[in-house]
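For the sequence shown, our numbering begins at 11 and goes up steadily by one. Below is one structure, written out as structure tokens, with a few remarks after it.
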Amino acid sequence: LSCTVRGVIGVLRSVGGESLALSNIQGIGGSIPPMLSHGLVPSALFLCVGVLYDRHKTRLVRYYGGLVSTMPNLSTISFSSTLANMSSPGTSSFIGEFPISVGAFQRNSLVATLAALGMILGAAYSLWLYNRVVSGNLKPDFLNKFSDPNGREVSIFIPFLVGVVRMGVHPKVFPDRMHTYVSNLVQHGKLN
11 LSCTVRGVIG VLRSVGGESL ALSNIQGIGG SIPPMLSHGL VPSALFLCVG
61 VLYDRHKTRL VRYYGGLVST MPNLSTISFS STLANMSSPG TSSFIGEFPI
111 SVGAFQRNSL VATLAALGMI LGAAYSLWLY NRVVSGNLKP DFLNKFSDPN
161 GREVSIFIPF LVGVVRMGVH PKVFPDRMHT YVSNLVQHGK LN
């Protein structure tokens, strides 16, 4: 949502509009945790793709399906990463989405509604992709190439997943530390 709102604001600025959604404490404060989360969630998703590519040498979705039966650990890791990508509660992505939404609705409900629609469509695509790759029909031609991640590969995922859950379960750490800086920026900074 934060990226969608920021993109809409960039377009509005180019035609003479002003910053509509992020020029308040909720919007700016809410945009910082997703920036931090963006370093964790996409990284975990790219690692999932990397594990599959390492075994099958393709990233095309049509070649994958039914991985839950041959790669249960990767399926679980992929599910956790997909939930974080959808900004589910308890994940690092969620802690910024709600304040951003509140801030956007306070400034312009149309922009906030469009951004929320983008978030819903993104979540729907994430679920479709996960279902297609993990729960879809098993591709028997490639069974010998699908093996669960080894210990080295799993150890690479751990810091990302721990960070996603840590930020999601203990979100109060971020607003408390950022509130002073964000309120000073809103009061004294030039945002337009």
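Backbone N, C-alpha and C fix where the C-beta goes; we use that ideal spot for every residue, glycine too. Predicted, not measured: the structure shown is a model, and the values here were computed from it.
- The stretch 132-140 makes no contact with the stretch 59-70, as fewer than three CB pairs between them are under 8 Å.
- Excluding its 5 nearest sequence neighbours in each direction, V179 has C-beta neighbours in its own chain below 8 Å: G100, listed in chain order.
- Straight-line spacing of the CA atoms in I35 and T86 works out to 36 Å.
- Put simply, the backbone Cα of S47 is about 22 Å away from that of F115.
- Judged by DSSP secondary structure, M177 falls within the alpha helix (DSSP H) whose first and last residues are G161 to V179.
- Here the alpha carbon of A54 sits roughly 6 Å from the alpha carbon of S91.
- Taking C-beta separations shorter than 7 Å and ignoring five residues to either side along the sequence, the partners of E163 in its chain run V61, following chain order.
- Sequence-distant partners of R142 (beyond 5 residues in either direction) whose C-beta falls short of 8 Å from its own C-beta, in its chain, are V71, Y74 and G75.
- Scanning the stretch 41-125 for uninterrupted alpha helix (DSSP H) segments of 4 residues or longer gives 51-66, 77-80, 82-95 and 104-117, listed from N- to C-terminal end.
- Looking at the backbone, the Cα of V196 and that of G39 are separated by about 10 Å.
- DSSP, read as helix, strand or coil, puts N194 in helix.
- Separation of the CB atoms of S102 and L50 is rounded to 6 Å, and the pair is thereby assigned contact status at 8 Å.
- Nearest to P44 by alpha-carbon distance, out of T80, V174 and N194, is V174.
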